[in-house]
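Number 70 marks the last residue of the sequence shown (UniProt numbering); no jumps. Just so it is clear, CB atoms sit at the ideal spot from N, CA and C, and this is done for glycine as well. This report concerns only the one structure given below.
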Amino acid sequence: MSRKMTGIVKSFDFKSGKGLIIPSDGRKDVFLHVSALSNSESQTLKPGVRVEFYRINGLSGPMAANIFLS
């Protein structure tokens, strides 16, 4: 089940397209992949940026889907 959340980008590597989001509710960090972003938003994604996303249960733990800047 997905849940809409807010958080702050903890890290993001443009080369691999992977990173982490710190959820505002204090839960475990959420994995992010560039494929969950729109093309225009991937250029402005960097540590400290606030985002909104849907938390989904991935095979290796929580993942972010439908990420956009808030």
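Label residue i either buried or exposed according to how many other C-beta atoms from any shown protein chain fall within 10 Å of its C-beta, with 16 as the threshold for buried.
i, result
"PHE14", "exposed"
"ARG27", "exposed"
With a threshold of 7 angstroms on Cβ separation, who are the neighbours of residue i within its own chain once the five nearest residues in sequence on each side are excluded?
i, result
"VAL9", "GLY19, ILE21, LEU45, LYS46, PRO47, GLY48, VAL49 and VAL51"
"ILE56", "SER2, MET63 and ALA65"
"HIS33", "GLY17 and LYS18"
Given a cut-off of 8 angstroms on the beta-carbon distance, is the pair residue i and residue j in contact?
i, j, result
"MET5", "SER24", "yes"
"ALA65", "SER2", "yes"
Spatial neighbours of residue i within its chain, please: C-beta separation below 8 angstroms, excluding the five flanking residues on both sides.
i, result
"TYR54", "SER2, ARG3, LYS4, MET5, ALA64, ALA65 and ASN66"
"SER60", "PHE31"
Since residue i and residue j are thought to touch, with beta carbons under 8 angstroms apart, how far apart are those beta carbons, to the nearest angstrom?
i, j, result
"GLY58", "PHE31", "7 angstroms"
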